[in-house]
Amino acid sequence: MRLTRLFPVICLGLLIVLCPIYQKKFEEKRSTLLEESGIGYLIPSEFITTASLEFKGIVSDFLYLKMSTYLGGKIVNKEMMDRSQADFFYNAADIITSLDPWFWDAYLMSSMLLAWDFNRADLATKLLKKATTYRTWDFNPPYYLGFYHYYFLKDNATASTYLMEAARRGGGPGFLIPLATRLSVYQNSLTPAILLLEEQLKTTQDPFMVKHLGTRLKVIITLDKLEKKVAEYKKRNGHFPEKLSDLLSDKLIGNLPEDPYGGKFYILPNGRVFTTSKLRFIK
Amino acid sequence: MLAKILSLSMLTFRDGVRDRAILGVGLFSLGMMSITLVVIGFFMRELNKVAVDINLSAISLAGLLLTFFLSINLMAKDIDKRTIYCVMSKPFSRAQYIWGKYIGILFIIITAFTVLTMCSSLTIALAKLQYANWFKAFSWIEYYKAIYASFLMFVVLNAFVILFSSITSSSFITLLFSISIYIGGQTIEEVVLYLKSGPGQETQISEFIREMIDILQYVLPNFSVFDLKMQASHAIPLPLDYMFGITGYAAIYSVVLMIAASLIFNKRELS
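From first to last, the protein sequence lines are chains F and R. Its first residue numbered -12, the first sequence is counted upward by one per residue in the working numbering. Its first residue numbered 2, the second sequence is counted upward by one per residue in the working numbering.
The following block contains the structure:
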């Protein structure tokens, strides 16, 4: 009698102990499966917008979260992303913004990723053009379009047009009009990138993104400072320095700066400074 | 006559709120709302959008669960347990019974919406307090407009439930038809717009199906007109005449359905 009463209790105790062990094993299997598949399947936007019924907003939030967690995992693990994934990210963002065409976070994160990490400013601008069409009251989409045309596509005329459009919409930072009108002054300068990243940092809440953008800003400020010192060196010596240590021996800099991405800064023959990390973490 | 309908609707309301399903639905929605405070922290800047999306979706989902699991049973239970004979033996007409049931169900939906709106307002106010800088593009007016529009959709959907319940005594068939009407009503606008668009014109669909969809868009209710969640989440202002327009649409649709339900129920053999 006593044994029959104890039996279910023993079973329950055993199950409580065994369940986490089983779950742990299962999680390993599941993570292997997830690693293999990534987030690599996409439901066509024509289908998903209809199938989401009246829950399009929350479905777009969920898909955005899925995309940003995947991306966050890659950045935290300092994994290099395959450039072929650019199309996947573009399509995912296109689906999210078909569900909610006013979803600025989705436009912004994907366009940043495509332009900075995949060097696909063409796809980034395509997304931002969609944002400009829908978010008619917002200065951000034309502002970013302007920046990407200037910085990545080297098209100052189009950049100026978009920055003017951003200024016309109102609500943006005060430097928009001077920046639009004086783009030629900033040719080959990192100033617009610094201004843009500073503005982004001011309006970003997510601590992870703050850290990510902060690192990028830090490197660009360093590049900007080094380029100014290189120009000063040329003024003194009549030629560009060959390596950064030349600036050190000329006492233009106190020490060689470190790249938080793990790369090494170097001077190009035209006096521009770049880094071997290409602003991506090197494992 | 109005007093009779009201007394029947109060009876339906009391019967409904006694059901434990309402407690489950309430707890589920409150749980969904409370996760708002945790989830919005994962987003970059549009925290107001995510908070509104979650809360409005929770309210809509609660409305759907109440309609599909409570409203349908309230009518079917009367016929199954034969309590309808007790009511019919009193000086009530069948039409009064149908209207009494419908208004009673609407009272339940109104009560549920009021409680959930209060809870969701509290959740959003807390989120707003926690992340004040990321709630600048938020409008309480647009938020409440979206809840009102969602309520109007349930006014029409529940009229369909009553119509189907007056046709069949099987709650399963009523459930099946009601879900079909809901899905059809939510998707018809999207399908029609797609077929009218460039890629839709090029899609190879038989003429018969195109004509069927043309007819269906006038038969099925267009539930998309009541979906203002996206506008609320981005604080996009909606003109008042649009709100009046959807109120009229819901009123006309429901009255037509209720008259049809009364006529059918009058002719129905209950024995």
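Using N, Cα and C, we set each Cβ at its ideal position, and we do this for glycine too.
Are at least three pairs of beta-carbons, each pair with one atom in the region 73 to 87 of chain R and one in the region 122 to 132 of chain R, less than 8 Å apart? no
If you scan the region 89 to 139 of chain F from start to end, which runs of the alpha helix (DSSP H) of 4 or more residues do you find wholly inside it? 91 to 99, 108 to 121, 127 to 138
Between which two residues does the beta strand (DSSP E) holding Y250 (chain R) run? Reading the second sequence from its first residue, position 249 is the one you call residue 250 (chain R). Not the beta strand (DSSP E): Y250 (chain R) falls in the alpha helix (DSSP H), residues 241 to 268.
How many Å lie between G249 (chain R) and N56 (chain R) at the Cα? As a first step, residue 249 (chain R) must be located in the second sequence, where it is residue number 248. As a first step, residue 56 (chain R) must be located in the second sequence, where it is residue number 55. Approximately 26 Å between the Cα atoms of the pair.
Kindly indicate if chain F contains any beta-carbon less than 8 Å away from that of E203 (chain R). The residue you call residue 203 (chain R) lines up with position 202 of the second sequence. Output row for E203 (chain R): interface = no.
DSSP three-state call for F252 (chain F): helix, strand or coil? Counting from 1 along the first sequence, the entry for residue 252 (chain F) is found at position 265. Note: F252 (chain F) maps to strand in three-state DSSP.
According to DSSP, what are the bridge partners of F261 (chain F)? Translated into positions along the first sequence, residue 261 (chain F) becomes position 274. In DSSP, F261 (chain F) forms a bridge with F:Y253.
Taking Cβ positions only, does K230 (chain R) come closer than 8 Å to chain F? Residue mapping note: residue 230 (chain R) aligns to position 229 of the second sequence, counting from 1. Yes - at least one Cβ of chain F is within 8 Å of the one on K230 (chain R).
Please report whether the beta-carbon of Q218 (chain R) lies at a distance below 8 Å from any beta-carbon of chain F. Here residue 218 (chain R) is taken as the residue at index 217 of the second sequence, counted from 1. Output row for Q218 (chain R): interface = no.
Helix, strand or coil for F42 (chain F)? Go by DSSP, reduced to three states. As a first step, residue 42 (chain F) is located in the first sequence; it is residue number 55 there, counting from the start. Looking at F42 (chain F) - three-state DSSP - the assignment turns out to be coil, as it is neither helix nor strand.
For G44 (chain F), return the contacting residues in chain R, with the cut-off set at a CB-CB distance below 8 Å. Your numbering for residue 44 (chain F) matches position 57 in the first sequence. K50, V53, D54, L57, S58, K230, M231, S234, listed in chain order.
If we ignore side chains and look at the alpha-carbon of each, how far apart do L239 (chain R) and E143 (chain R) end up? By 1-based counting over the second sequence, the position of residue 239 (chain R) is 238. By 1-based counting over the second sequence, the position of residue 143 (chain R) is 142. Looking at the two C-alpha atoms, the distance is approximately 7 Å.
Less than 8 Å between the CB atoms is what I'm expecting for Y132 (chain R) and Q192 (chain F), so what's the real figure, rounded? Numbered from 1 along the second sequence, position 131 holds the residue referred to as residue 132 (chain R). Numbered from 1 along the first sequence, position 205 holds the residue referred to as residue 192 (chain F). Rounded, the Cβ-Cβ distance is 6 Å, consistent with contact.
Is the shortest distance between the beta-carbon of G89 (chain F) and the beta-carbons of chain R less than 8 Å? The sequence position of residue 89 (chain F) within the first sequence is 102, counting from 1. According to the sequence displayed, residue 89 (chain F) carries Trp and not Gly. At a cut-off of 8 Å between C-beta atoms, W89 (chain F) counts as an interface residue with respect to chain R.
So F252 (chain F) and L231 (chain F) are supposed to be a Cβ contact under 8 Å. How far apart are they, rounded? Against the first sequence, residue 252 (chain F) aligns to sequence position 265. Against the first sequence, residue 231 (chain F) aligns to sequence position 244. Right, their Cβ atoms sit about 6 Å apart.
What residues in the region 166 to 199 of chain R bring their beta carbon closer than 9 Å to a beta carbon of chain F? Of all residues in the region 166 to 199 of chain R, Y183, I184, Q187, T188, E191, V192, Y195 have a Cβ within less than 9 Å of some Cβ in chain F.
Please confirm if the region 84 to 104 of chain R is in contact with the region 135 to 150 of chain R, defined as three or more CB-CB distances below 8 Å between the two stretches. no
Given this structure, state the Cα-to-Cα distance separating Q205 (chain R) from S18 (chain F), to the nearest angstrom. Residue numbering aside, residue 205 (chain R) sits at position 204 when the second sequence is read from its first letter. Residue numbering aside, residue 18 (chain F) sits at position 31 when the first sequence is read from its first letter. Approximately 41 Å, taken between the alpha carbons.
Measure from the C-beta of T120 (chain F) to each C-beta in chain R and report whether the shortest distance is under 8 Å. Within the first sequence, residue 120 (chain F) is the residue found at index 133, counting from 1. No, no contact with chain R.
Under 8 Å, do D92 (chain F) and M231 (chain R) count as touching if we go by C-beta distance? Residue numbering aside, residue 92 (chain F) sits at position 105 when the first sequence is read from its first letter. Residue numbering aside, residue 231 (chain R) sits at position 230 when the second sequence is read from its first letter. No.
Beta carbon of T202 (chain F), beta carbon of R46 (chain R): below 8 Å? What you label residue 202 (chain F) is simply residue 215 of the first sequence in a count that begins at 1. What you label residue 46 (chain R) is simply residue 45 of the second sequence in a count that begins at 1. In this structure, R46 (chain R) does not lie closer than 8 Å to T202 (chain F) by Cβ.
Any residues in the region 180 to 197 of chain F with a beta carbon nearer than 8 Å to a beta carbon of chain R? Which ones, in chain order? Within the region 180 to 197 of chain F, the residues whose Cβ lies closer than 8 Å to some Cβ of chain R are T190, T191, Q192, D193, M196, listed in chain order.
Does the region 72 to 85 of chain F come within contact of the region 98 to 106 of chain F, defined as at least 3 CB pairs closer than 8 Å? yes
For I23 (chain R), is the classification buried or exposed, using 16 other Cβ atoms within 10 angstroms of its Cβ as the cut-off for buried? Position 22 of the second sequence, counted from the start, is the residue given in the question as residue 23 (chain R). When all chains shown are included, I23 (chain R) counts as buried.
Would you check if the region 250 to 259 of chain R and the region 173 to 190 of chain R touch, i.e. whether three or more CB-CB distances between them fall below 8 Å? The answer is no - the region 250 to 259 of chain R does not touch the region 173 to 190 of chain R, with fewer than three Cβ pairs under 8 Å.
Quick check: A59 (chain R) and A113 (chain R), are their CB atoms within less than 8 Å of each other? Indexing the second sequence from 1 puts residue 59 (chain R) at position 58. Indexing the second sequence from 1 puts residue 113 (chain R) at position 112. No, Cβ-Cβ distance for A59 (chain R) and A113 (chain R) is not below 8 Å.
Is there a Cβ from chain R that is less than 8 Å from the Cβ of T36 (chain F)? Here residue 36 (chain F) refers to the residue found at position 49 of the first sequence. For T36 (chain F), the answer is yes, since a Cβ of chain R falls inside 8 Å of its Cβ.
On the three-state DSSP scale, how would you describe P92 (chain R)? Your numbering for residue 92 (chain R) matches position 91 in the second sequence. Three-state result, P92 (chain R): coil.
Using a Cβ cut-off of 7 Å, pull out every chain R residue sitting near E33 (chain F), in sequence order please. As a position in the first sequence, residue 33 (chain F) is number 46, starting the count at 1. The contacting residues are Y195.
Spatial neighbours of M33 (chain R) within its chain, please: C-beta separation below 6 Å, excluding the five flanking residues on both sides. Counted from its first residue, the second sequence places residue 33 (chain R) at position 32. Correct list, in chain order: A59.
Which residues of the region 26 to 48 of chain R have a Cβ closer than 7 Å to any Cβ of chain F? Give them in chain order. F43, F44, M45, R46, E47, L48
Against chain F, with Cβ distances strictly below 8 Å, would D61 (chain R) count as a contact? Within the second sequence, residue 61 (chain R) is the residue found at index 60, counting from 1. What sits at residue 61 (chain R) in the sequence shown is Ser, not Asp. Chain F contact via Cβ: present.
Limits of the alpha helix (DSSP H) - the one that T202 (chain F) falls within: Counting from 1 along the first sequence, the entry for residue 202 (chain F) is found at position 215. Run containing T202 (chain F): 194 to 224, per the alpha helix (DSSP H) assignment.
Determine which residues of the region 122 to 137 of chain R have a Cβ less than 9 Å from any Cβ of chain F, and write them out in chain order. Listed by position, the residues of the region 122 to 137 of chain R near chain F (Cβ gap below 9 Å) are Y132, N134, W135.
Same chain only: Cβ atoms within 7 Å of L266 (chain F), ignoring 5 sequence neighbours per side: Position 279 of the first sequence, counted from the start, is the residue given in the question as residue 266 (chain F). So the list reads W103, R203, V206, Y248, once near-sequence residues are dropped.
Just verifying my parser: in three-state terms, what is the DSSP assignment at V(-4) (chain F)? The count along the first sequence starts at 1 and reaches residue -4 (chain F) at position 9. Here V(-4) (chain F) sits in helix by DSSP.
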